[in-house]
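Residue numbers (this note's numbering): 5 to 962. Glycine is no exception: its CB is placed at the ideal position from the N, C-alpha and C atoms. Since we're looking at a predicted model, the values are computed, not measured.
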């Protein structure tokens, strides 16, 4: 690797160890003369790509100014319009205070999933607000902290109903979806059902339930037609037949309409998009799910709960954390890992900002505008499909639908073309009287006047209160909300303050220039179902990114539709399934998965209708070849595929990867290469060239989309040509010519794709390759410096690691009682987020410094770990017991340190300022170590009353 000589080159800013002196220092510690020499030993020759990385879009890296100019060119090719297509997507107003201080604020968008609760109290509170908002609006007692999109949330609800097994006959019964459900929802559910082998029936449930055994029912409120219908009778009938009921509900409509919980529904799902989250050409948008009591322990996704810390102070945490679906592997019933946390936080702050009265006023205005338009259309003789609606009208215009659509588009308005005789119109909070008049003219109707009739039926009018907690009734002024947002962000540690050395998660620089375009109206205000004539810029950007990713990975085709890594896994496995079925090999359903694999692998295989067979791991961390051979032989006639992670989950370049791929292919199987660790391959090796048939990538890891406190994520799927016909189809088209649709919209979470597009353009082929080499350099430097203090568990050729290393604490734990969790919590006192805890091996820490961290920050982390090792030795030497040590009592809050009662066997200075520089620049966690078990025993997952946060008199001495 040659260090960039031009100080303004972006790669020089992205790569932390950019000075030759720093590189030389790191190389000396590892024992190498050059980075290329290090790479040549670490990366097996058998997988190295033969020529430098050349990108289809051009090999020369662009400057930030040039990239932003090119993004402006692409944005100008999109045509903004007044979006009245609806179908689950609405224009909305993102309050500027929320846009600038959350969506565009690195303190929020660079944060990691809040698995370490002590340094995540701010985003956990914001997500708890989201849950409370959903629980109140749906009138169901338990909600999760967001899912991916409405269509996939409904699919999750269908699977939840199927595994609940309310009655014996219903357990094997069909799932019934109302014909008024969103078309993309129906497509997604059908796709999941086809893979898992259960029946789905579409029926007009306003006419009652169909015959036969029914497992679960899905209703839409309001329906895609706009119809508002009293579902209570249908729900009661379903319950009598032993079925469960899900209602896909619009949160804004629920301020006026009787909520699902009050109508007897078991589950409510939907999207929070219209609560201040831009259209983003389809995503990312936070979906929600709420359930009745008794279903919380099978609820997919994350639940934020309330527990207490070691001083008795109330503290937030992820509840039931060890039951995260992907941790259950082949026993999982969902593969959800990434959520849409950042967008859920935006939606929650929208509710905090407007409060119950404000949300109700917005809903009443929207409904009033819809009634006004309905009055004008009916007066002009147009037929409405339903005269009971909230915000959407479906209008019959026999033979004239195309003409109406064109007339509206000529006035800058997009309507929904349903068929040749039918047009849909959806009103939102941005709709004005002038817009209503223009729509009426497009229909050939007269001028709009005040609404006459069309009130909601009395049987569906909401009478119960909602959002009564003070948090939704306090922050009315911008000053109040700004300070609330700042207070919460100050409680957290994100990448804007410190290195986050998480193995497997690649918490690297999310450059400001990469982020800048996502909130431009020409990108953010485009409806996912807008006509192609209005989306040329978007499609050019997406096609360019897909082409670059195709070249980087060595595959033949890429689809960016999957909106999370887990969904990319599912897409790849469904492509393999489709390929086998097309060849008449329907018996090939066995998926081999190494014991060390990412947990989502097995969960995704189950959802793809496959049987998981685990392959043992050898002592050195590689695949046990004897066991692999035996498993292949035992399943040779039914083998579908193997899922491997490369470099392995143990952070090593296994030299036998081609051998493994060849063995699977010889047995008639396909090879899925998990792309979670692609940051160690870009520019050096291509999985599509060394044996992979399909991979998913994590744009929120290798390609710089920020983690956002747990999401958004994007998990594109890349495949060889023979699998290309089975790549994700379009859920909004009856026949898209592809495989099974994975996400609700054709391009998934398109709104964040300009980030990765910009990263690739800024780095260029050489810059991307240098980033990979720098990641290897940083990881091996950490491993070499810390090995004598915390042995590195697995290494490859030359005793080297890949882009991450696993530090083994098991012997220390056995000798002293100090655990890996103790070390993780003690790192907080040094101002660090912990490495990955106890994955993939219990009792270890997995460290990934990434290429973006400079030598000084890496050395600061190494210094902290060495000091912690000395404290472990203090325990071993008997200076204090582990229970009385700074490790077990970490992290130390400011309240604990300044308390008049100390009584601990180590000085306050050691607790709070273990290194001198912290005296000037110190992060104090807002809470001490959180009691996870207590939170699981007493599940509280909505905003607690304020008295719960009164000053505690708990004894801080312990």
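Check: Quick one: what's got a C-beta closer than 6 angstroms to residue 958's C-beta in the same chain, skipping five residues either side?
Finding: Reliability of the predicted coordinates at residue 958 is poor, the pLDDT of 40 falling under 50, and the value obtained from them is presented with this limitation in mind. Excluding sequence positions up to five before and after residue 958, its CB lies within less than 6 angstroms of the CB of 315 and 316, all in the same chain and listed in chain order.
Check: With DSSP run on the structure shown, which of helix, strand or coil describes residue 222?
Finding: Residue 222 falls in the strand class under three-state DSSP.
Check: Is it right to say residue 169 is buried, meaning 16 or more other beta carbons lie within 10 angstroms of its own, or is it exposed?
Finding: It counts as exposed.
Checklist line | Three-state secondary structure (DSSP) of residue 321 | finding: In the structure shown, residue 321 adopts extended strand secondary structure according to DSSP, grouped into three states.
Checklist line | DSSP three-state assignment for residue 966, whether helix, strand or coil | finding: Nothing about residue 966 can be reported from this structure: the residues present for the chain run from 5 to 962 only.
Check: Is it right to say residue 942 is buried, meaning 16 or more other beta carbons lie within 10 angstroms of its own, or is it exposed?
Finding: Exposed is the label assigned to residue 942, since fewer than 16 other Cβ atoms lie within 10 Å of its Cβ.
Checklist line | residue 137 - containing alpha helix (DSSP H), residue span | finding: In the DSSP assignment, residue 137 falls within the alpha helix (DSSP H) that extends over 125-142.
Next item on the list: Would you give the residue range spanned by the beta strand (DSSP E) that residue 427 belongs to?
Entry: Element bounds for residue 427: 426-430.
Margin query: Taking the beta carbon of residue 105 as the centre, do at least 16 other beta carbons fall within 10 Å, making it buried, or is it exposed?
Written below: With 16 or more other CB atoms across the displayed protein chains lying within 10 angstroms of its CB, residue 105 is buried.
Checklist line | Buried or exposed (CB count within 10 angstroms, at least 16 for buried), residue 905 | finding: Exposed is the call here.
Item checked: Distance CB(residue 395)-CB(residue 438) smaller than 8 angstroms -> Contact flag unset, no.
Next item on the list: Measure the beta-carbon distance from residue 189 to residue 155 and round it to whole angstroms, keeping in mind my assumption that it falls under 8 angstroms.
Entry: 4 angstroms between Cβ atoms; contact.
Note to self: Please report the straight-line C-alpha distance between residue 940 and residue 310, rounded to a whole angstrom.
What the structure shows: Roughly 9 angstroms between the two C-alpha positions.
Margin query: DSSP has residue 676 in a bridge; who is on the other side?
Written below: 647 and 698.
Next item on the list: Determine whether the Cβ of residue 946 lies closer than 8 angstroms to any Cβ atom of chain B.
Entry: In summary, chain B is missing from the structure at hand, where a single protein chain is found.
Check: Whose CA, out of 28, 51, 71 and 75, lies closest to the CA of residue 542?
Finding: Of 28, 51, 71 and 75, the smallest CA-CA separation from residue 542 is found for 75.
Checklist line | Beta bridge counterpart(s) of residue 147 as assigned by DSSP | finding: Residue pairing of residue 147 in beta bridges, as defined by DSSP: 294.
Note to self: Between which residues of its own chain and residue 241 is the CB-CB distance below 6 angstroms, once the five residues before and five after are set aside?
What the structure shows: Setting aside the 5 residues that flank it on each side, residue 241 is surrounded in the same chain by 213, each with a C-beta closer than 6 angstroms to its C-beta; the list follows chain order.
Notebook entry, point to check: Under the rule that 16 or more other beta-carbon atoms within 10 Å means buried, what is residue 949, buried or exposed?
Noted result: Residue environment analysis places residue 949 among the exposed positions, since fewer than 16 neighbouring C-beta atoms fall within 10 angstroms of its C-beta.
Next item on the list: Starting from the Cα of residue 895, find the closest Cα among 945, 827 and 922 and give me that residue.
Entry: Looking at 945, 827 and 922, the one whose alpha-carbon comes closest to that of residue 895 is 827.
Check: Once you ignore the five residues that flank residue 415 on each side, which residues in its own chain have a CB closer than 7 angstroms to its CB?
Finding: Counting only Cβ-Cβ distances below 7 angstroms, and skipping sequence neighbours, we find 442 and 446.
Notebook entry, point to check: What first and last residue would you give for the alpha helix (DSSP H) that runs through residue 24?
Noted result: For residue 24, the enclosing alpha helix (DSSP H) begins and ends at 24-34.
Next item on the list: Tell me, please, which residues DSSP counts as bridged to residue 850.
Entry: Note: residue 850 sits in a beta bridge opposite 810 and 840.
Next item on the list: Over the uninterrupted alpha helix (DSSP H) stretch that includes residue 196, give me the two end residues.
Entry: DSSP places residue 196 in the uninterrupted alpha helix (DSSP H) bounded by 187-200.
Margin query: If the criterion is Cβ atoms closer than 8 angstroms, does the pair residue 455 and residue 386 meet it?
Written below: No, these two residues do not count as a Cβ contact at 8 angstroms.
Next item on the list: Classify residue 902 as helix, strand or coil using the three-state DSSP reduction.
Entry: Here residue 902 carries a helix assignment [DSSP, helix/strand/coil].
Next item on the list: Leaving aside the five residues before and after residue 290 along the sequence, list all residues of the same chain whose C-beta is less than 6 angstroms from its C-beta, in chain order.
Entry: Close CB contacts of residue 290 within its chain, under the 6 angstroms cut and outside five residues either way in sequence, are with 150, 276, 344, 347, 348 and 351 (chain order).
Item checked: Whole-angstrom distance between residue 116 and residue 737, CA atom to CA atom -> Those two C-alpha atoms are separated by around 36 angstroms.
Next item on the list: Under 6 angstroms Cβ to Cβ from residue 714, same chain only, skipping five residues before and after it: list those, please.
Entry: Only 117, 343 and 345 meet the Cβ criterion.
Next item on the list: Take every Cβ of the stretch 353-371, pair it with every Cβ of the stretch 205-220, and state whether three or more of those distances are shorter than 8 angstroms.
Entry: Three or more Cβ pairs closer than 8 angstroms define a contact, and the stretch 353-371 falls short of that threshold against the stretch 205-220.
Notebook entry, point to check: Which residue comes first and which comes last in the beta strand (DSSP E) that contains residue 61?
Noted result: For residue 61, there is no enclosing beta strand (DSSP E), since its DSSP letter is neither H nor E.
Next item on the list: Decide yes or no for the touch test of the stretch 260-275 against the stretch 287-304: beta carbon pairs closer than 8 angstroms, at least 3 of them.
Entry: Judged by Cβ distances under 8 angstroms, the stretch 260-275 makes contact with the stretch 287-304, as three or more pairs qualify.
Margin query: Could you check whether residue 534 and residue 418 sit closer than 8 angstroms to each other, using their CB atoms as the reference points?
Written below: Yes, Cβ-Cβ distance for residue 418 and residue 534 is below 8 angstroms.
Notebook entry, point to check: Is residue 386 helix, strand or coil by DSSP?
Noted result: Correct three-state label for residue 386: coil.
Item checked: Other residues of its chain near residue 794: CB distance less than 8 angstroms, five sequence neighbours each side excluded -> Its chain contains 811, 812, 813, 816, 849, 869 and 873 as the residues whose beta carbon lies nearer than 8 angstroms to that of residue 794, once the 5 sequence neighbours on both sides are disregarded; these appear in chain order.
Notebook entry, point to check: So, using beta-carbon positions, are residue 721 and residue 696 closer together than 8 angstroms?
Noted result: The criterion of a C-beta distance shorter than 8 angstroms is not satisfied by residue 721 and residue 696.
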